[in-house]
Amino acid sequence: MDFSVLRNIISRYCAGEEYWVDSRTVYIGHKEPPPGAEAYIPQRYPDNRIVSSKYTLWNFIPKNLFEQFRRIANFYFLLIFLVQLIIDTPTSPVTSGLPLFFVITVTASKQGYEDWLRHKADCSTNECPVDVVQQGTVVRTQSSKLRVGDVVMVREDETFPCDLILLSSSRDDGTCYVTTTSLDGESSHKTYYAVPDTMAFKTEQEVDSLHATIECEQPQPDLYKFVGRINIYKEREDPLARPLGAENLLLRGATLKNTEHIYAVAIYTGMDTKMTLNYQSKSQKRSAVEKSMNAFLIVYLCILISKAVINTVLKYAWQCSPDRDEPWYNHRTEIDRGRHVVIRAFTDFLAFMVLFNYIIPVSMYVTVEMQKFLGSYFIAWDKDMYDEELGEGAQVNTSDLNEELGQVEYVFTDKTGTLTENNMEFIECCVDGHVYIPHAICNGQILSAASSIDMIDSSPGGYRREHEELFFRALCLCHTVQVKEEETVDSIKRGIHQGKPTSFYISSSPDEVALVEGMKRLGYTYLRLKDSHMEILNKDDEIERFELLHVLNFDSVRRRMSVIVKSSAGEYLLFCKGADSSIFPRVVSGKVEQVRARVEQNAVEGLRTLCVAYRSLSPAEYKEACYQLSNAKLALQDREQRLAQAYDLIERNFTLLGATAVEDRLQEKAADTIESLHKAGMKVWVLTGDKMETAAATCYASKLFRSSTQILELTKKRTEEQSLHDVLFDLSRTVLGQRSLSGLSVDCQDYGLIIDGATLSAVLKPSPESSGSGNYREIFLEICRNCSAVLCCRMAPLQKAQIVKLIKVSKEHPITLAIGDGANDVSMILEAHVGIGIMGKEGRQAARNSDYAIPKFKHLKKMLLVHGHFYYIRIAELVQYFFYKNVCFIFPQFLYQFFCGFSQQPLYDTAYLTLYNISFTSLPILLYSLIEKHVSIETLKRDPTLYRDVAKNSLLRWPVFLYWTCLGLFNACIFFFGAYFLFDNTTFTSNGQMFGNWTFGTLVFTVLVFTVTLKLALDTHHWTWINHFVIWGSLLFYVIFSLLWGGIIWPFMNYQRMYYVFMQMLSSGPAWLGIILLITISLLPDVVKKVLCRTLWPTATERAQRVRADGVCEGSVSPATGLDPSPVGGGGGSESDMLCPARTCEGDRGGGGVRAARTYDSMMSHNSNYLLSQPLDHVP
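In short: position in the sequence shown from 1, add 7, done, that's my numbering.
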């Protein structure tokens, strides 16, 4: 027996996890390796199902109940309900059990419905059709049934169903082009390569005949890293081993472009795919309001226990006297006498707990759940957040976080597709200081490209003419653009010119496409790359051919790219383009100052600039360059460093040709939205996988960075020059030194921080040293706190989530919001307190996994400043009001025990105890929490600083909570003692009849219901007919119910202690006078406090209310309609107005392609390369 096979099996299945962690073996087509090769051991991998839902049919009830009973109020009422079932208590178990059952049922139904929607979305993804090669034919199956080792056929414009290794392509060179918009946010085309030994397999039969295995690493979340090898078995030959890298790996979620079809093998499926590993696990998000509610409940629970203890102690102190312990009218049974005093005391303690348990408002949770669920519809109905292009409006996936929208302190946003449209346009170029503008306008006519050039200079000199041609050739050759010569691009019919299809450009960099298209408009057209030769059509309609010898790819450290080409005349040319800061130091000739001046001018206008240079190589220089490049590319160790050294030696001694200017459009009103968020006190961070230059330029265009912002870099390039420790402490000294000086000067320097993914990993990496100097997290956080804006570039999806978590768990515990549009943003969306997905061009993964989804970034402004503000104000009032009205309700019951011998006698009738929170006082506060508007929508949008009034949970802080509690205690004392002193006159009624204890309790309850309802009426600012109907209707319902409850002999009741009590009370004139007097006295202190505070210490919101009341702003009442007039486009109506057709907005448009006037007077030269073209918000 071959014991090696047995050892292999034992090591894999019994010896631990090491083998699994290191590698996995995939058998292509599930074929066993030939005899003599490694033993075939089938391995079990997960199927290809994606699960984003939280519950299943089997675990929904136990899991949901567990989560709900984690709430203090729910758990407490469960205990009270059990106590009422076990012992004899003064109230029925129904009074606690029924409200608790209602709360649990409503909450479970809402959460179950939301999870059902996630199940539905998962099913849609898992049931997508996939083509699998089986026995030489293509079989269509569901995505969820894919297994590791299946050979998959993917056609153009289809999305990869799992992580695949490319085997062959319909293209002759074995390449395919892919867009990874849903992964890293880049909509550009990327090139992936088939294994050279398998690229010849073009048909299903040939692919099915492939006999090979793949050894690769176990699944890990890094999107840009993959290590593996493929072993190809051939008859009578040794197996061929070929390396596999990230260039061979097609990731789930990416889309095949510009390639008819490919064949690939599945290596990671389902929850093992890299994109899924970057998803954070779903967890129950809890808002700051809910945490405050739980804290308040603990306080009230302590008050409740204290009341029960006090009453129990006083009861036994009262019963020390024998005539009080067992009076003649209430003899104890023998069983009671035989019980131990401790047991009796504990039973009495529980009875008092049940009697006073109404101080814990379980109905508050019902009302909060209903408020959140119903309130979420106002977001979905808001016509201002409806997008005509998409045909969709805002969506609410989780209504539990509505009020959290009003508490955001940090906003983390993606760049591509979120801030920008990723749509670049060539604006102009400058050659030796002379400007060339495509389609220039002269005398009101658009001139052709040739005319525009001739108009600038009709007879350029020989030297100028040579540089002009070199410049245009450089931009036609120095790129990685591919040409697509078909009628459709990305499933959109394009380019039908005079009935003939024309070519289109696609590239991994959108600005490269813009430059090549710009050259085409100026007369130089890039045709194709064929047989390693690049063809261009010059403006004389002559085709020029250049042999492409080497491409020196762009990287963020060099900030440039180069190509080495050979002309038809045999001349070797090196063309280079890049940022001005990387080109100018390497230039030895050319009109540098003229070009620099134009670059700075374009930078001030917000255009993205690149400089172009060239160098003519002698045969000896070219030979040396080839030697340097080949040695670096063949190196197995430190390949990147050696390539960088080779590039540095080659890219020198340039002649400057000119510069280009490209405009990248921001989304409409993106800059205005970010500016409003800044005014509202929020810090905005941009987290992107894009290059630093592109991202920084977007930050300038979107007003995240301003002309006066001093940029601090924490990048890989700088940490290579200095140690990370030194760089961090230098930056810390810079920002902290400025902060210490800010108190001495009016002007304070504005800082912006730029950090890349590699440096972030080093910062977050736990230090092996225990010393404080090794902990860089706090230093990094301190730097970030003192920067007005932060840009994180080259971020992997999991790094985005790490950044969000780093801020979320910092000592301030700020409320965070993450917004993005791609699957690469899902991790940070799930990590943040509030996640918002944009329904953009990058799929719906972000929108599906978010808490809220909006069509465009501009809608975030109204989502936070209006809806968030309103929801927080409403729910804060709801929470405080519930505690207030329950203190008013139960504290008289506590006081009553001092007058009834601590006998646990209820003050109120059972019907009043049950219906107080359910019927008499529930609807007014629910309606208030849905439609209250303390200021107009237009005021909130126009003045974002009002958001600061509700920030940091200001309305649910302890001082505010204590005020409401003390107000409730004061009112309760007024109710009880006011009625008590009125009852001193025993002949209270006109016929001399005495009032009983139930009449006394009814009088207190009547004053209570009217006072708490009128208190809410005084707090209401936005009155509608619905408010009037509910508030006055609730009071009328209480009166009618009391009349019916006490005025009719109900046959189903054994006894009726409330019979005729309410009518008897109302028949007394002093009772009416007492009710009115007690209500007035109870409300007076709160009214006085409000008047004094608004007069002496008004908040910004209260000042806005006063201005509105004075009719200064547009919020004054229209005499014609009695409603708030809303300017066109303002969206300033109430939520009920959102049902009306959307208003149109003409002002404050974003970057719709219109060049804006200059708004910056100057721009520091060292920041100019960061600028990006963006039409700034203009005044119509």
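For each residue, glycine too, the CB sits at the ideal point set by N, CA and C.
Could you please give the first and the last residue of the uninterrupted alpha helix (DSSP H) stretch that includes residue i?
{"i": "Y935", "result": "S929 to I938"}
{"i": "E789", "result": "R784 to R792"}
{"i": "N960", "result": "First-last for N960: undefined, no H or E at that position."}
{"i": "K527", "result": "P517 to R528"}
{"i": "K298", "result": "A295 to W325"}
{"i": "H218", "result": "Where H218 is concerned, there is no enclosing alpha helix (DSSP H), given that its DSSP letter is neither H nor E."}
Do residue j and residue i come within 8 Å of each other at the CB atom, strictly closer than that value?
{"i": "Y393", "j": "G400", "result": "yes"}
{"i": "Q1200", "j": "L937", "result": "The structure shown has nothing for residue 1200, since the chain only spans 8 to 1187."}
{"i": "S623", "j": "E578", "result": "yes"}
{"i": "E416", "j": "I822", "result": "yes"}
{"i": "M214", "j": "L174", "result": "Sequence check: residue 214 is Val here, not Met. For V214 and L174, yes; Cβs fall inside 8 Å."}
{"i": "I810", "j": "F419", "result": "yes"}
{"i": "G235", "j": "E254", "result": "no"}
{"i": "V137", "j": "V159", "result": "yes"}
{"i": "Q149", "j": "E165", "result": "no"}
{"i": "A979", "j": "P913", "result": "no"}
{"i": "K322", "j": "F909", "result": "yes"}
By alpha-carbon positions, which one of the options ends up nearest to residue i?
{"i": "Q674", "options": "A769, G181 and K865", "result": "K865"}
{"i": "H1035", "options": "L930, K959, C583 and Y365", "result": "L930"}
{"i": "G842", "options": "K292, Y231 and H268", "result": "K292"}
{"i": "E475", "options": "K422, N545, L534 and L536", "result": "N545"}
{"i": "L664", "options": "K723, R603 and R713", "result": "R603"}
{"i": "D157", "options": "H218, E411 and V693", "result": "H218"}
{"i": "V1019", "options": "V894, F984 and D355", "result": "V894"}
{"i": "A1078", "options": "A702, G1053 and F982", "result": "F982"}
{"i": "E628", "options": "L580, V599, A586 and D956", "result": "L580"}
{"i": "R566", "options": "R552, R593 and D548", "result": "R593"}
{"i": "A986", "options": "I762, L731, K281 and F1007", "result": "F1007"}
Comparing the CB of residue i with every heavy atom of the ligand COA, is any distance shorter than 7 Å?
{"i": "V110", "result": "Among the ligands in the structure shown, none appear at all, so the ligand COA cannot be discussed."}
Once DSSP output is grouped into helix, strand and coil, what is the label at residue i?
{"i": "V718", "result": "The question names Val, but residue 718 is Ile in the sequence shown. If DSSP states are grouped into helix, strand and coil, I718 belongs with the strands."}
{"i": "D157", "result": "coil"}
{"i": "I444", "result": "coil"}
{"i": "Q142", "result": "coil"}
{"i": "K379", "result": "helix"}
{"i": "M206", "result": "coil"}
{"i": "P821", "result": "coil"}
{"i": "C130", "result": "helix"}
{"i": "I981", "result": "helix"}
{"i": "V403", "result": "strand"}
{"i": "H557", "result": "strand"}
{"i": "S514", "result": "coil"}
{"i": "L171", "result": "strand"}
{"i": "R1156", "result": "Legend: pLDDT at R1156 = 35, less than 50; position of this residue unreliable, value from coordinates given subsequently. Coil, per DSSP."}
{"i": "R552", "result": "strand"}
{"i": "P592", "result": "helix"}
{"i": "S59", "result": "coil"}
Name the DSSP beta bridge partners of residue i, please?
{"i": "G665", "result": "V438 and V619"}
{"i": "T420", "result": "V693 and I826"}
{"i": "R249", "result": "I237"}
{"i": "C800", "result": "D763"}
{"i": "H196", "result": "T186"}
{"i": "P136", "result": "Q149"}
{"i": "E222", "result": "T32 and R236"}
Between which two residues does the beta strand (DSSP E) harbouring residue i extend?
{"i": "M541", "result": "H540 to L544"}
{"i": "M568", "result": "R567 to K573"}
{"i": "Q489", "result": "Q489 to K491"}
{"i": "R31", "result": "R31 to Y34"}
{"i": "C583", "result": "Y579 to G585"}
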